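The numbers in this note's numbering rise by one with no breaks, and the one at position 76 of the sequence shown is 179.
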Amino acid sequence: YTTFWQYSTKGTPMLRPISFIDQTDREAWNRSHEFMMGGSLLVCPMMQSNVPGRYMYLIKGQWYDWWTDELTDGGKEIYVEAPLDKIPMYVKAGAVLPLNPIMQYVGEKKVEELTLHIYYKNGEETSELYEDRGEGYDYKDGEANIKRFYTEGSENQFIIKQEKEGGFKPEYSTYEVVIHGLPFEVSRCRIGAEVLTNEDLKKNEKGQLFLKVKEGFSEIIIEQ
104 YTTFWQYSTK
114 GTPMLRPISF
124 IDQTDREAWN
134 RSHEFMMGGS
144 LLVCPMMQSN
154 VPGRYMYLIK
164 GQWYDWWTDE
174 LTDGGKEIYV
184 EAPLDKIPMY
194 VKAGAVLPLN
204 PIMQYVGEKK
214 VEELTLHIYY
224 KNGEETSELY
234 EDRGEGYDYK
244 DGEANIKRFY
254 TEGSENQFII
264 KQEKEGGFKP
274 EYSTYEVVIH
284 GLPFEVSRCR
294 IGAEVLTNED
304 LKKNEKGQLF
314 LKVKEGFSEI
324 IIEQ
């Protein structure tokens, strides 16, 4: 599995029970298996062998199936199929989920490009990425970054903005951006001052949109 780079900057543990996310949701109080990984990924491990799936609880909000991109409203229990190679995982709508290359230990490979999986939401959402060298104490001298990603969606437009704090210079200089769940056909995409037309954009069979952007981009605007 790919390593996820999403952390909280306020002392929040990387792994949290879903009851920590919405303490007003009484149904979440009794759920001991589902948990959040970072701020945007909800995971439900399989606890029995030789079963085709299980019931799980999605907390309130909208959630994308990690494997299929199917969008589901939360606040209810759902049944999920779960073969051996597919742990049930759901991504919060509007989230920006950073992924790095698969590694067995810190520094095994040079990270030449970071992948940002960005999930459409008709509304606003904020995600954070913390990064440093991964070892040592240079972060105490400012060698660390906090990147904040803001998404804002409407029926015919999707905007992604990035803000950065810190003096850490990562190995990579580009992002591969993967846009999930756009509800409209794209006619134009603007990355800063650069304008891309529909002919310049790539899609796969799931309708996911692929872009290459510089690590320091400030704004991406995708329009119908």
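Ideal Cβ positions, reconstructed from N, Cα and C, are used throughout, including at glycine.
Just so it is clear, the structure is predicted and the values come from calculations on it, not from any experiment.
Burial state of Ile323 is buried, judged by a 10 Å Cβ sphere holding 16 or more other Cβ atoms.
Linking Phe313 to Ile262 through their CA atoms gives a straight-line distance of about 15 Å. A Cβ-Cβ contact shorter than 8 Å links Gly295 with Ser321.
Distance from Ile162 to Gly177 at the Cβ level is roughly 5 Å; contact confirmed, criterion being Cβ atoms closer than 8 Å. Under the three-state reduction of DSSP output, Glu326 falls in the strand class. The beta carbon of Tyr158 is closer than 6 Å to those of Glu180 and Tyr182 in its chain, skipping five residues each way along the sequence. In the displayed model, Trp166 falls within a strand according to three-state DSSP. For Tyr278, the number of other beta carbons within 10 angstroms of its own is at least 16, and it is reported as buried. Less than 8 Å separates the beta-carbon of Glu326 from that of Ser290. Met206 counts as exposed, since fewer than 16 other beta carbons sit within 10 angstroms of its beta carbon. If you keep only unbroken beta strand (DSSP E) runs of at least 3 residues inside the stretch 205 to 292, you get 216 to 222, 227 to 234, 248 to 256, 260 to 269 and 277 to 283. If you check the CB distance, Val199 and Phe252 come in under 8 Å. For the pair of segments examined, the stretch 292 to 306 was found not to touch the stretch 235 to 247: the number of CB pairs separated by less than 8 Å stays below three. Boundaries cannot be given for Arg134, as no alpha helix (DSSP H) includes it and DSSP labels it neither H nor E. If the five residues before and after Ala247 are omitted, its C-beta is found closer than 6 Å to the C-beta atoms of Asp235, Gly269 and Phe271, all from its own chain and listed in chain order. For Glu274, the CB contacts under 8 Å within the same chain, skipping 5 residues up- and downstream, are Lys213, Val214 and Glu215 in chain order. Residue state for Asp176 is assigned as strand, using DSSP reduced to three classes.
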